[in-house]
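Letter by letter, the sequence shown follows residues 3 to 195 of this note's numbering.
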Amino acid sequence: MTEPTRTTVRQRLYAFLIAGLGGLAASAISFSMTLYEAAHPPKVPVVQAGQQIDTGRWFVTLRTARVGTVTPTGVPPSRPVQLLMVDLDVVNRSATPNNVLYRTVTLSAPAQKLPMPTVYLDRDKYLAGYFNPNMPERLTMAWEWPAGVSVPDKVTITVTGQIYKLRDNLYGASGWYDRDPVATVDLPVEKAL
């Protein structure tokens with residue numbers, strides 16, 4: 003092998019070595035940043051009752067929480083249950099009617115998992131269907147509370163954001179996708195007499 007050929011091979015070897023070390027350093031930095039962000043998540047802001055929360059897809063304003071045994075329709079259930087009801091105002095900001103509010107507003111529950119809430123429209127005291135775009139609605143979300151578990155004096159409601167993507171990564175279709183919580187609200191629970 004001649005001297006210029008040896009130099010060219012040596013230069014290529016150094017270039018591959020430097021590129022490999024650079025890629026390894028970039029991977030190590032990216033991995034350590036991911037670990038740090040997982041260990042130190044951003045704090046979710048705590049907002050007051052009555053303050054409007056922008057979730058991306060919805061404007062949500064949480065009002066009050068109460069315990070009762072009769073649904074907002076006024077008709078007692080066929081079997082006795084205890085309901086934790088949260089009053090709120092919502093505005094659907096998307097372009098189409100939808101009813102996926104239960105994924106946005108969640109209740110910090112007791113140890114056992116609560117069933118999905120039932121949503122009632124306050125204007126007609128009946129089950130809510132789809133919420134039309136840009137039409138403010140006052141609602142009541144009712145969770146069936148487990149028997150034998152006392153209802154706390156205060157509940158924490160977590161409001162999760164949603165983001166619109168024109169094209170998702172899997173199908174290339176547009177849609178709304180869940181993201182991290184954007185706010186929490188502590189509501190005192192009014193006890194039924």
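Each residue gets a CB set at the ideal place from its N, CA and C atoms; glycine is no exception.
As the structure is a computational prediction, the values presented were derived from the model and not from experiment.
Residues in its own chain within less than 7 angstroms of V49 by CB, not counting five upstream and five downstream? I55, A185 and V187
Pull up the distance between the alpha-carbon of D124 and that of E139, whole angstroms please. 8 angstroms
Three-state secondary structure assigned by DSSP to Y128: strand
V93 versus M137: straight-line alpha-carbon distance, rounded: 6 angstroms
Going by DSSP in three states, L123 sits in which element: helix, strand or coil? strand
Are three or more beta carbon pairs between the stretch 141-153 and the stretch 14-22 nearer than 8 angstroms? no
With three or more beta-carbon pairs closer than 8 angstroms as the criterion, would you say the stretch 106-122 touches the stretch 72-84? yes
Could you tell me whether the Cβ atoms of P183 and T158 are closer together than 7 angstroms? no
On the DSSP letters alone, give me the boundaries of the alpha helix (DSSP H) that A175 sits inside. DSSP places A175 outside any alpha helix (DSSP H), giving it a letter other than H or E.
Could you compute how far the alpha carbon of V69 sits from the alpha carbon of R105? 22 angstroms
Would you kindly check if the distance between the Cβ of T63 and the Cβ of Q164 is under 7 angstroms? no
Enumerate in chain order the residues of its own chain whose CB-to-CB distance from L168 is below 6 angstroms, with the five nearest sequence positions on each side excluded. Closer than 6 angstroms at Cβ, skipping near neighbours: S176.
Within 10 Å of its beta-carbon, does A144 have 16 or more other beta-carbons around it, so buried, or fewer, so exposed? A144 comes out buried.
To the nearest angstrom, report how far apart R2 and W178 are at their CA atoms. Outside the shown range of the chain, which is 3 to 195, sits residue 2, and nothing can be said about it.
Candidates A111, R81 and T66, of which the one nearest D91 by Cα: T66
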